[in-house]
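Add 59 to a position in the sequence shown, counting from 1, and you land on the number used in this note's numbering.
Heads up, the beta-carbon is just placed ideally off N, CA and C, and yes, glycines get one too.
Each remark here refers to the structure printed beneath this line.
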Amino acid sequence: MRFKYQTPTGIHDLCGEDQKYLDFLYTKAKEILEFYGFEKIELPILEREELFKRSVGEATDIVEKEMYTLTTLGGEKLVLRPEATASIVRAYIQHGMHTLPQPVKIWTFGPMYRYERPQHGRYRQFYQLDFEILGSDSPSADTQVIFLTFTILKELKLKNLKILINSIGDSCCRPYYKKQLKTFFRPYLESLCKDCQRRFEKNPLRILDCKNQACREIIDLAPQSVDNLCQDCKTHFKRVLEILDNLDLPYLLDPYLVRGLDYYTKTVFEIVISKENLSLGGGGRYDKLVKLLGGPDTPAVGVALGAERIITELKEEKIKVKGMPDPKVFVAKVGDLAQAKALLLLEELRKAKVPVRESLGKDSLRAQLDLANKLKVKWVVILGQKEVIKDRAILRDMKKGTQKEVKISDLVGILKKLALN
Ligand code: HAM
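The following block contains the structure:
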């Protein structure tokens with residue numbers, strides 16, 4: 060019988076092996092990012108709808124059709140955050156972080172929500188690892204973000220990674236490029252999908268992001284942003300590519316990469332797995348966003364990595380992760396008097412870093428030994444009613460089936476030696 064209460068469509072539990080992989084990603088990322096001076100921020104899951112409309116852009120898929128919007132009892136329009144960058148910029152302004160020494164480096168990790176059509180690698184709730192550098196316009200900031208993204212994925216032992224990169228210009232050269240795109244797409248309007256016909260009016264750059272096959276064939280002939288950059292954007296992009304060359308990173312110029320969010324200027328990039336071009340992460344520079352949201356003029360660049368896609372790839376590449384060490388010792392107890400003794404012993408073993416399991420219930424000694432067998436522990440400590448009074452316990456070697464009496468006060472020392480061998 061199918062259990063009635065399943066998770067909603069496109070939303071999953073992350074348990075068992077998935078949880079170990081999630082921890083693996085989190086721990087590695089934390090270690091690397093904190094070394095490089097990124098500070099963690101915990102952001103709210105609910106934000107004002109206006110924040111994403113203004114930053115991600117009204118003509119993007121995210122804002123047009125994918126936001127989980129709710130109206131509070133007080134009539135406020137809130138959304139479950141679809142991404143973290145807008146919230147980080149909001150926090151940067153709200154907490155006056157522009158007064159701190161610049162650049163400010165921030166990272167966060169948590170669930171995002173997009174009402175998408177669920178398919179392979181595309182969910183309605185997914186975890187993102189996001190990190191941003193605010194307050195630097197240097198190409199070194201772009202390349203540090205790309206380099207660290209690559210380093211995190213490499214430290215997870217992922218192979219076949221490829222960086223796709225492009226520059227989409229800024230407010231100086233982009234209006235001219237948009238005009239060129241309109242001139243190019245106008246004769247093809249009838250052949251473009253309905254979404255692209257709308258994008259043509261609202262923001263022709265968005266057409267380049269369309270996945271429809273018929274549209275893609277037309278897009279492949281369109282003018283490229285890199286041929287239309289102003290001097291400042293051209294110099295910036297050239298420098299970014301030179302640094303990437305010197306870092307020996309495997310990048311590829313993708314002239315139609317524009318990314319699905321409106322806030323980008325200059326550099327945009329994605330990290331993909333070569334064989335299926337599935338994007339594990341993407342980001343870019345967004346020099347106008349802080350100002351657009353009411354803060355001081357502050358250039359910035361950042362990236363977000365999708366945890367579920369990384370987990371899928373780690374599994375596919377059969378990469379092993381260490382979980383909790385297997386228990387070596389089992390603490391069994393008989394009688395009420397032994398109960399507190401067992402809890403105290405567990406705590407001493409925790410401090411001595413001896414992996415241990417126990418039975419919490421009032422099971423018979425046989426049932427407890429059966430459980431210890433299933434857990435494949437090597438030693439069982441039996442705390443019996445009579446022995447505990449005499450500060451004694453029984454130590455059983457599960458493999459040999461032998462046992463001896465030992466002083467409880469000596470147990471931790473003995474078990475530490477046995478467990479470390
Ligand atoms: P994004 O490309 O929308 O960028 O998302 C980044 C990553 O999140 C994707 O490459 C993918 O791995 C994962 N992702 C996105 N949507 C889904 C989904 N429906 N299911 C599973 N995984 C998904 C951003 O979100 C920007 N905020 C990145 C950024 C940071 N730009 C500058 N700073």
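- If you compare the alpha carbons of Val163, Pro141, Gln444 and Gly180 with that of Tyr95, the shortest gap goes to Val163.
- In the three-state reduction of the DSSP assignment, Phe206 falls in the helix class.
- With respect to the C-alpha of Asp321, the residue from Asp279, Lys89, Thr119 and Ile91 having the closest C-alpha is Thr119.
- Residue environment analysis places Lys216 among the exposed positions, since fewer than 16 neighbouring C-beta atoms fall within 10 angstroms of its C-beta.
- Cα atoms of Gln78 and Pro384: separation of roughly 15 angstroms, rounded to the nearest angstrom.
- In terms of CA proximity to Met171, Tyr182 leads the group Tyr182, Trp438 and Gly382.
- Classified as buried, Cys255 has 16 or more neighbouring CB atoms from the shown chains inside 10 Å of its CB.
- Residue pairing by DSSP puts Ala359 in a beta bridge opposite Leu193.
- Within the same chain, Cβ atoms closer than 6 angstroms to the Cβ of Met156 are found at Val163, the five residues on either side in sequence being excluded.
- Secondary structure of Met383 (DSSP, three-state): coil.
- According to the DSSP assignment, Tyr315 belongs to no alpha helix (DSSP H), since it is labelled neither H nor E.
- Following the DSSP letters along the chain, one finds Asp456 inside the beta strand (DSSP E) bounded by residues Arg451 to Asp456.
- Within the chosen limit of 7 angstroms, the ligand HAM reaches the beta carbon of Thr144 through at least one heavy atom.
- Across the structure, Pro141 and Thr68 are spaced so that their CA atoms are roughly 17 angstroms apart.
- When DSSP states are grouped into helix, strand and coil, Lys89 belongs to the helix group.
- Look at Arg265: its beta carbon is at least 7 angstroms from all of the heavy atoms in the ligand HAM.
- Assigned with DSSP and collapsed to three states, Ala391 falls in strand.
- In this model, Leu405 and Leu434 are separated by some 17 angstroms (Cα to Cα).
- For Gln187, the Cβ falls inside the 7 angstroms cut-off from some heavy atom of the ligand HAM.
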